[in-house]
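Numbering (the working numbering), first residue to last: 18 to 103.
Beta carbons are placed, not taken as given, at the ideal position from N, Cα and C, and that holds for glycine.
All figures in this text were calculated on a predicted structure; none of them were measured in a lab.
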Amino acid sequence: MLFFILITWGFSVASRSKDRFGSIAAFGLSSVLFWHVLINVGMVLNLMPVVGVVLPFFSYGRTAVFTMLAIVTLLLNINSRRYLFE
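Printed below as a string of structure tokens:
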């Protein structure tokens, strides 16, 4: 449920962004989170083959956790920058 809230928030940041680059970047970053979660849930439910895609914020590797934290940080930055153009 928390992944759903995070992904929905990311897509809403994309739709509320004032500039085109922020909107496209937020959509792409949210899509990365969405596909990682979708593939992992599919693997757990035996609907997809097991591949090496990590579950965001729960993987063992430091690089994956750092990448997901960078994605959330960029989404927060895009969300805060929408007030600069008013």
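Chain-order list of residues whose beta-carbon lies under 8 Å from that of residue i (same chain, five-residue window excluded)
i     : result
Met65 : Ile56, Gly59
Met18 : none
Ser76 : Val82
Nonlocal neighbours in the same chain, by C-beta distance under 7 Å from residue i, ignoring five residues either side
i     : result
Met85 : Pro73, Phe74
Val67 : Met60
Ala31 : Ser40, Ala43, Phe44, Ser47
CB of residue i within 8 Å of CB of residue j, strictly
i     : j     : result
Phe20 : Phe44 : no
Ser48 : Ile95 : no
Val71 : Ala87 : no
Leu46 : Leu92 : yes
Phe51 : Ile24 : yes
Gly39 : Arg79 : no
Residue i in three-state terms, based on DSSP
i     : result
Arg99 : coil
Close-in-space but distant-in-sequence residues of the same chain around residue i (CB under 6 Å, 5 per side omitted)
i     : result
Trp26 : none
Val54 : Phe20
Can you list, in chain order, the stretches of the beta strand (DSSP E) that have 3 or more residues and sit fully within the segment 35 to 97?
Runs of the beta strand (DSSP E) inside the segment 35 to 97: none found.
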